[in-house]
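Participant: This is the structure I want to talk about, given as structure tokens.
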Amino acid sequence: VAGGFRIAPKRNTWVYLSYTDDLEETGSSNFLTDKRLFQLFEPRLLNIDLFHKHISKAINIEHQIFNKVVAETEFALRSINPTYTYTYDLLNGNSLSEYNTTTLKISAQWSPFSTFEYINNSIKETKIGFPNFTFQYTRGFKDFINGDLSFSRLDFRAIQSFRHKNNDQTELIVVGGMANGDIPLQYLYHAYPNNVTKETILRRFTVAGINSFETMYFNEFFSDRFVTLQIKHRFDPFEISPWFKPQLVLISRMALGNMDNIERHQGISFNTLNKGFTESGIELNQLVYGFGLSFAYRYGAYHLPKFEDNISFKFTFNISLN
Numbered sequence: 020v021a022g023g024f025r026i027a028p029k030r031n032t033w034v035y036l037s038y039t040d041d042l043e044e045t046g047s048s049n050f051l052t053d054k055r056l057f058q059l060f061e062p063r064l065l066n067i068d069l070f071h072k073h074i075s076k077a078i079n080i081e082h083q084i085f086n087k088v089v090a091e092t093e094f095a096l097r098s099i100n101p102t103y104t105y106t107y108d109l110l111n112g113n114s115l116s117e118y119n120t121t122t123l124k125i126s127a128q129w130s131p132f133s134t135f136e137y138i139n140n141s142i143k144e145t146k147i148g149f150p151n152f153t154f155q156y157t158r159g160f161k162d163f164i165n166g167d168l169s170f171s172r173l174d175f176r177a178i179q180s181f182r183h184k185n186n187d188q189t190e191l192i193v194v195g196g197m198a199n200g201d202i203p204l205q206y207l208y209h210a211y212p213n214n215v216t217k218e219t220i221l222r223r224f225t226v227a228g229i230n231s232f233e234t235m236y237f238n239e240f241f242s243d244r245f246v247t248l249q250i251k252h253r254f255d256p257f258e259i260s261p262w263f264k265p266q267l268v269l270i271s272r273m274a275l276g277n278m279d280n281i282e283r284h285q286g287i288s289f290n291t292l293n294k295g296f297t298e299s300g301i302e303l304n305q306l307v308y309g310f311g312l313s314f315a316y317r318y319g320a321y322h323l324p325k326f327e328d329n330i331s332f333k334f335t336f337n338i339s340l341n
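Adding 19 to a residue's 1-based position in the sequence shown gives its number in the numbering used here.
This is how it looks when you write it as structure tokens:
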């Protein structure tokens with residue numbers, strides 16, 4: 020249940036109140052300012068199998084600080100209960116499975132090359148420019164309104180996009196994060212895997228994500244600090260006929276991460292990304308009714324002994340609203 024009201028139209032200042040009783044993916048990391056961006060759906064959500072239940076009460080304030088900087092602050096109280104066997108060692112003879120958090124989160128997105136205009140007495144982004152940068156800081160408070168944990172997280176994302184003269188497009192996305200303090204698995208990072216743990220390539224055939232690692236298995240890696248780089252090159256669609264315009268996309272992804280005191284996370288086993296994870300692949304999109312195909316191959320330090328376990332073959336779905 021959520022609702023909001025605008026208190027300063029000229030600067031798009033909104034206040035939101037929300038109450039949530041739902042499941043949430045363990046290890047996910049989202050920016051508050053992303054809710055401003057329209058997205059029909061995130062395909063990888065169909066494949067996730069590691070959730071925790073949370074009951075959250077939050078108040079958010081969104082404000083356009085400058086024309087090119089939008090910020091949002093959230094104060095939230097959360098009760099978290101993993102749906103899987105897990106305990107977090109506090110190193111004082113105690114451990115937690117269910118716990119409460121009291122958090123303050125501050126997020127800002129800087130779009131120095133976007134164009135903003137006053138429309139209907141408020142600021143609106145009329146042309147998206149690149150690069151743009153997003154920062155987010157989260158602080159957890161112990162012994163304040165029933166908070167059980169003291170921790171901090173700092174997250175960062177940069178997006179650059181180049182449009183070439185032949186209408187090809189190259190996109191680079193860098194995402195990083197760092198967490199400190201008493202911080203259970205639910206608040207750590209998983210680098211957005213999107214491969215289900217099944218025996219054969221065809222049994223793993225499912226929908227490809229948008230910016231996820233297609234050959235990285237769910238729950239395979241967790242980190243308390245990480246950085247990822249994704250490079251996509253989209254060729255101009257091939258105009259084979261007025262109704263058949265497939266598009267070829269080349270993709271490379273890299274991830275590096277690590278974790279201190281991994282033994283504090285009990286009941287679940289996983290690896291870290293300290294050796295560096297790499298995959299490359301292709302997509303052939305818009306083959307029929309928005310559907311296409313995706314192929315990716317895992318290589319490097321985390322190449323698996325069984326050849327087919329390094330291969331991802333999935334379908335894509337892209338829809339144009341133009």
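We put the CB at the ideal spot given by N, CA and C, even for glycine.
#1: For the segment 251 to 309, which segments carrying the beta strand (DSSP E) assignment without a break, of at least 3 residues, lie completely within its bounds, in sequence order?
#2: Taking 9 Å as the threshold (C-beta atoms), are Phe237 and Asn214 in contact?
#3: Look at the alpha carbon of Leu306 and the alpha carbon of Asn186, and state the distance between them as a whole number of angstroms.
#4: From the DSSP output, read off the bridge partner residues of Phe160.
#5: Could you spell out the range, first to last residue, of the beta strand (DSSP E) harbouring Gly23?
#6: Taking only three categories from DSSP, how would you classify Asp40?
#7: Give me the Cα-Cα distance between Asn139 and Asn31, rounded to the nearest whole angstrom.
#8: Given that a residue counts as buried once 16 or more other Cβ atoms are within 10 Å of its Cβ, and exposed if not, what is Leu275?
#9: For the candidate residues Ala21, Glu117 and Tyr156, whose alpha-carbon lies nearest to that of Leu204?
#10: Helix, strand or coil for Asn329? Go by DSSP, reduced to three states.
#11: Per DSSP, which residues does Phe154 bridge with? Please list them.
#12: Might you give, ordered along the chain, the residues of its own chain that have their beta carbon closer than 6 Å to the beta carbon of Ser345, omitting 5 neighbours on each side?
#13: Helix, strand or coil, according to DSSP, for Phe57 in the structure here?
#14: If you count every other CB in all the chains shown that lies within 10 Å of the CB of Gly311, and 16 or more means buried, which is it?
#15: Using DSSP with H/G/I as helix, E/B as strand and the rest coil, what is Tyr206?
#16: Consult DSSP for Leu248 and reduce its assignment to one of helix, strand or coil.
#17: What's the gap between the Cα of Thr153 and the Cα of Leu303?
#18: Where Asp108 and Asp279 are concerned, what is the direct C-alpha to C-alpha distance, given to the nearest angstrom?
#19: What is the DSSP secondary structure of Leu51, reduced to helix, strand or coil?
#20: What separation, rounded to the nearest whole angstrom, lies between the Cα atoms of Ile80 and Pro131?
#21: From the DSSP output, which residues share a beta bridge with Ser169?
#22: Mind checking Ala315: buried by the 16 CB within 10 Å criterion, or exposed?
#23: Out of Asp162, Gly319, Ile250 and Arg244, point me to the one whose CA is closest to Asn277's CA.
#24: When you compare the segment 93 to 102 with the segment 253 to 261, are there three or more beta-carbon pairs, one atom per stretch, that lie closer than 8 Å?
#25: Which word fits Phe57, buried or exposed, when buried means at least 16 other C-beta atoms lie within 10 angstroms of its C-beta?
#26: Could you pull out every residue in the same chain whose Cβ sits closer than 8 Å to the Cβ of Ile287, ignoring the five residues on either side in sequence?
#27: For Leu109, which three-state DSSP category applies?
#28: Can Phe135 and Ile142 be called in contact, C-beta distance under 9 Å?
#29: For Leu65, which three-state DSSP category applies?
Facilitator: Well, looking at it:
#1: 266 to 277 and 296 to 307
#2: It is a contact, given that the beta carbons lie within the stated cut-off.
#3: 19 Å
#4: Bridge partners of Phe160: none, in fact.
#5: Ala21 to Ala27
#6: strand
#7: 11 Å
#8: buried
#9: Glu117
#10: In the structure shown, Asn329 falls within a helical segment according to DSSP collapsed to helix, strand and coil.
#11: Ala127 and Phe175, per the DSSP bridge assignment.
#12: Any question about residue 345 goes unanswered here, given that the chain covers just 20 to 341.
#13: At Phe57, the pLDDT of 49 sits below 50, so the modelled position is not reliable; the number obtained from the coordinates is stated separately. Looking at Phe57 - three-state DSSP - the assignment turns out to be coil, as it is neither helix nor strand.
#14: buried
#15: helix
#16: strand
#17: Going by C-alpha positions, Thr153 is about 30 Å away from Leu303.
#18: 13 Å
#19: helix
#20: 22 Å
#21: Bridge partners of Ser169: none, in fact.
#22: buried
#23: Arg244
#24: Segment contact: the segment 93 to 102 against the segment 253 to 261, fewer than three CB-CB distances shorter than 8 Å; contact not assigned.
#25: In this predicted model, Phe57 has a pLDDT of only 49, less than 50, meaning its place in the structure is not dependable enough to derive any value.
#26: Tyr103, Thr104, Tyr105, Leu204 and Asn238
#27: In the three-state scheme derived from DSSP, where H, G and I count as helix and E and B as strand, Leu109 is classed as coil.
#28: Closer than 9 Å, so yes.
#29: helix
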